[in-house]
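Take any residue in the sequence shown, count from 1 to its spot, add 757: that is its number in my numbering.
This report concerns only the one structure given below.
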Amino acid sequence: MPGKKLSDKDLELFRESLLLLRGVLTGDVEYLEQEALDGAGAGSENREDAGAEAYFQELNLELLQRDGEALREVDDALERIEQRTYGQCETCDSWIRKERLRAVPHARNCIDCQRRVEAEGS
Ligand SMILES: [Zn+2]
C-alpha cells in the first residue's frame, strides 16, 4: 500500500530525526546535548521536538553504525528534504510510508522496491 506525500510538518520532523541521527554518526555530542537542554524547558511548544525524539528512539542505531555509508545516506536524505523530494521512492516514485521513514529516515526506496533490491543483491 503506498504512503502519502509528506506535509511540511512531517518534513520538519524527519529533518529533526536526521539531524539527531547525524549527530550520533559524527559523534557531535554537543549538538545532542543542546537538543537535550532545549527539551529540558519543555512547554507545549516543544511537543514536536518530543515527537522527533520518539522517532529517534525507534531507530536501529546498531545497524546504522555498522554501515559506513550511513552518514552519506543521512546527508543525502537531508538534501532531499531541501529539494522536497524526501519520502519519494527513487525507484517507483511512490511515497514511502511514514512508518518506514520513522524506522529508516534515510530510506531511498519504498519497502517493495527495497525488498527487490535486496533480493537482487544477494
Ligand atoms: Zn518503490
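Don't be surprised by glycine CBs; every beta carbon is placed ideally from N, CA and C.
This structure is a prediction, so every number in the text was calculated from the model and none was measured.
- Excluding the 5 residues flanking it on each side, C849 has same chain C-beta neighbours closer than 7 Å at C867, C870, in chain order.
- Spanning the alpha carbons of D765 and T783 requires a straight line of approximately 26 Å.
- Apart from the 5 residues on each side of it in sequence, P862 sits with its Cβ closer than 8 Å to the Cβ of F771, S774, L775, L778, Y812, L816, V831, A834 in its chain, given in chain order.
- Counting only residues whose CB is nearer than 7 Å to a non-hydrogen atom of ligand 1, the list in chain order is C846, T848, C849, S851, N866, C867, D869, C870.
- When the five nearest sequence neighbours on each side are left out, no beta carbon in the same chain lies closer than 8 Å to the beta carbon of R872.
- According to the DSSP assignment, D850 belongs to no alpha helix (DSSP H), since it is labelled neither H nor E.
- Straight through space, the alpha carbons of G878 and G844 are spaced by roughly 23 Å.
- Straight-line spacing of the CA atoms in L828 and A864 works out to 12 Å.
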